[in-house]
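Chemist: For the working numbering, add 1053 to where a residue sits in the sequence shown, where the first one is 1. Positions of the beta carbon are idealized from the N, C-alpha and C atoms, including for glycine.
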Amino acid sequence: MTFDAEQFKENLTARLRRQYGKDITQANKHDLFDAVSASALEIIMPNWMNTRKEYEAKPTKQLYYLSAEFLMGRALGNNLINSGIMEQVKDVLKDMNISYDFIEDEEPDAGLGNGGLGRLAACFLDSLATLEYPGHGYGIRYEYGMFEQHIINGEQVEFPDNWLKHRDPWEVKRSDLAVTVKFGGQIKYGKTPDGQDRFYLENAEEITATPYDM
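Written as structure tokens, this is what we have:
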């Protein structure tokens, strides 16, 4: 994977300017984390696009792993290591007087279900990618993920884990693939004009489900 240090700097400063209206000297910890992540995604995204094009050009059997949990870990470090650009990015940040270790800690764990099954699911995806098998993981984008636990007055108190408080720079919203999902309601039976049986749902609650790529 080709790494252009000057282009990375340009992407980073442009992200700060467009997203936050700041330069390097004004940016806080979260601003810098977001800008570095977005700049790294600019390098990784062509691989995503080329892979999708290859699947479309040469239709092949693909594996789809469905899980209620995915414990993927923090994306910034994983993606930089797997792309082979960790040291180059650290060097660029050092030139800009930014500590990689300082901003890495800003990333929250993705609240996609952090149990043992989630770790297993993540390992499956890592193996598929390493072996270059065409595969995908499908899970649930929980709004609050796992809950946080605090001890207050000697008692355990749960708080929501608001991992989406800030925009996740690794998510790619796919509004073009959104679908309507119906909950509840009543199933009715009827006939089509040509006499065929027909079942349909009435009085259901409709939710728009929008997928995100990560």
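1. Exposed or buried, which one is LEU1165 when buried takes at least 16 other CB atoms within 10 Å?
2. Below 7 Å CB to CB, which residues in the same chain sit around PHE1271 once its five sequence neighbours on both sides are set aside?
3. Using the beta-carbon count (16 or more within 10 Å), is ILE1156 buried or exposed?
4. Closest to GLU1063 by CA distance: which of ASN1081, ALA1128, LEU1146, ILE1138 is it?
5. Where do the ends of the beta strand (DSSP E) carrying ARG1194 lie?
6. Determine the burial state of LEU1116: buried for a count of at least 16 other Cβ atoms within 10 Å of its Cβ, exposed for fewer.
7. Compute the beta-carbon to beta-carbon distance between PHE1061 and SER1092, rounded to the nearest angstrom, for a pair I have assumed lies under 8 Å.
8. So, is ILE1096 buried or exposed, given that buried needs 16 or more other C-beta atoms within 10 angstroms?
9. DSSP three-state call for ILE1240: helix, strand or coil?
10. At which residues does the beta strand (DSSP E) containing GLU1208 begin and terminate?
11. Rounded to the nearest angstrom, how far is the Cβ of ALA1257 from that of GLY1237, given a contact under 8 Å?
12. Pick out whichever of TYR1186, ASP1162, GLN1239 has its Cα sitting closest to the Cα of ASP1221.
13. Rounded to whole angstroms, what is the Cα-Cα separation between LEU1085 and LEU1254?
14. When the Cα of VAL1114 is compared with those of ARG1227, ASP1266, GLY1188, which residue comes out closest?
Modeler: Taking the coordinates as given:
1. By the neighbour-count definition (other C-beta atoms within 10 Å, threshold 16), LEU1165 is a buried residue.
2. Summary: the structure shown does not reach residue 1271, with the chain confined to residues 1054 through 1267, and so no result is reported for it.
3. Burial call: buried.
4. Considering only alpha carbons, the answer is LEU1146.
5. First-last for ARG1194: undefined, no H or E at that position.
6. Around the beta carbon of LEU1116, fewer than 16 other beta carbons lie within 10 angstroms, which makes this residue exposed.
7. Contact holds; Cβ gap of about 5 Å.
8. By the 10 Å Cβ count, ILE1096 comes out buried.
9. Reduced to three states, the DSSP call for ILE1240 is strand.
10. Where GLU1208 is concerned, the enclosing beta strand (DSSP E) stretches over 1208-1213.
11. Contact flag correct, Cβ pair sits at about 5 Å.
12. ASP1221 has its Cα closest to that of ASP1162, out of TYR1186, ASP1162, GLN1239.
13. Computed Cα separation, rounded: 49 Å.
14. It should be pointed out that residue 1114 corresponds to Lys in this sequence rather than to Val. Nearest Cα to LYS1114 within the set ARG1227, ASP1266, GLY1188: GLY1188.
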